[in-house]
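Colleague: I am attaching a structure below and will ask some questions about it afterwards.
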Amino acid sequence: GEKRGYTESHQTVVNVLDFGDGGTIEADLEKANIIVNRQLIPGDLKANRHYMHPGGIRLGTSEITRLGMKESEMKEIASLIKQVVVDKKDAVEVANRVKEFKTDFKKTQYCFDNKLGAYEYVKLR
1 GEKRGYTESH QTVVNVLDFG DGGTIEADLE KANIIVNRQL IPGDLKANRH
51 YMHPGGIRLG TSEITRLGMK ESEMKEIASL IKQVVVDKKD AVEVANRVKE
101 FKTDFKKTQY CFDNKLGAYE YVKLR
């Protein structure tokens, strides 16, 4: 897939060691309402990095795609992540931007029934 300009997965692992450890960055982004996962990366075990504070984070696009976000929204999400991780902006301030950003994405897309709100529960029969 890479030769065609895409990966074969909806997940990307990012080395964040220049900005902190994956566990701390995971927690900081969660305060900003951006959910990622800490992730061990090659070299972590050799460097004695603990799985709670590894050198990477894992980003997935399944949830944001389900909400109907596309390439232009990915650029905005990247900017929001950068504000927390690289620019060290206040996570609560960024959380307000995240909340505003999500206002247009409240319905599920690419599902069997997209009449429900994105976070409404489906009643089973």
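For the sequence shown, position 52 matches number 52 in my numbering, and the numbering has no gaps at all. Where a beta carbon is used, it is the ideal one built from N, C-alpha and C, also for glycine.
1) Assuming R66 and Y110 make a contact with CB atoms under 8 Å, what is their CB distance in whole Å?
2) Kindly identify the DSSP beta-bridge partner or partners of N15.
3) DSSP state of G43, grouped into three classes?
4) Check the C-beta distance from V85 over to I25 and give it rounded, since I have them as a contact under 8 Å.
5) On the three-state DSSP scale, how would you describe K31?
6) Less than 7 Å between C-beta atoms, sequence neighbours within five positions excluded: which residues of the same chain meet that for A91?
7) Within a Cβ cutoff of 8 Å, which residues of the same chain sit near H53, ignoring the five residues on either side of it in sequence?
8) Using the rule of at least 16 other Cβ atoms within 10 Å of the residue's Cβ for burial, across every protein chain shown, is R57 buried or exposed?
9) Whose CA, out of Q11, S72, L80, lies closest to the CA of G60?
10) What residues are listed by DSSP as bridge partners for G138?
11) In the DSSP output, what is N37 paired with across the bridge?
12) Measuring CA to CA, which of V16, R49, K107 is closest to G68?
Modeller: Reading off the structure:
1) Residue 66 sits at position 66 when you count from the first residue of the sequence shown. Residue 110 sits at position 110 when you count from the first residue of the sequence shown. Contact holds; Cβ gap of about 6 Å.
2) Residue 15 sits at position 15 when you count from the first residue of the sequence shown. Paired residue(s): G56.
3) Translated into the one-based positions of the sequence shown, residue 43 becomes position 43. The DSSP-derived three-state label of G43 is coil.
4) Taking the sequence shown and counting its residues from 1, the one referred to as residue 85 is at position 85. Taking the sequence shown and counting its residues from 1, the one referred to as residue 25 is at position 25. V85 to I25, Cβ: 6 Å. Contact.
5) Sequence index remark: in the sequence shown, residue 31 carries index 31 (1-based). The answer is helix: DSSP assigns K31 an H, G or I state.
6) What you label residue 91 is simply residue 91 of the sequence shown in a count that begins at 1. D28, K31, A32, V84, listed in sequence order.
7) Working through the sequence shown from its first residue, we reach residue 53 at position 53. Counting only Cβ-Cβ distances below 8 Å, and skipping sequence neighbours, we find D21, G22, G23, T24, R38.
8) The sequence position of residue 57 within the sequence shown is 57, counting from 1. In the sequence as presented, Arg is not what sits at residue 57; that position holds Ile. Result: buried.
9) Here residue 60 refers to the residue found at position 60 when the sequence shown is read from its first residue. Here the closest residue by C-alpha is Q11.
10) The structure shown has nothing for residue 138, since the chain only spans 1 to 125.
11) Along the sequence shown, read from residue 1 onward, the residue named residue 37 stands at position 37. Bridge partners of N37: R58.
12) The residue given as residue 68 occupies position 68 in the sequence shown. Here the closest residue by C-alpha is K107.
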